[in-house]
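Residue numbers (the working numbering): 10 to 72.
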């Protein structure tokens, strides 16, 4: 369980600090497209972290 937390923490840091552009950060509260870009980028890294942690994504999200 702690391993999954570490992977998700790293994904959060990458998705929110390294990859998020200044446009996304500044506009996501008032621009739907900036928010959508942020959500897609962030979730890409979150799913990658869960995959690397060995989580069965099909079981985790249902079928």
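Glycine is no exception: its CB is placed at the ideal position from the N, C-alpha and C atoms.
Sequence-distant partners of residue 44 (beyond 5 residues in either direction) whose C-beta falls short of 6 Å from its own C-beta, in its chain, are 37. In the three-state scheme derived from DSSP, where H, G and I count as helix and E and B as strand, residue 46 is classed as helix. One alpha carbon belongs to residue 33, the other to residue 66, and they sit about 27 Å apart. Of the candidates 15, 13, 20, the residue whose Cα lies closest to the Cα of residue 51 is 20.
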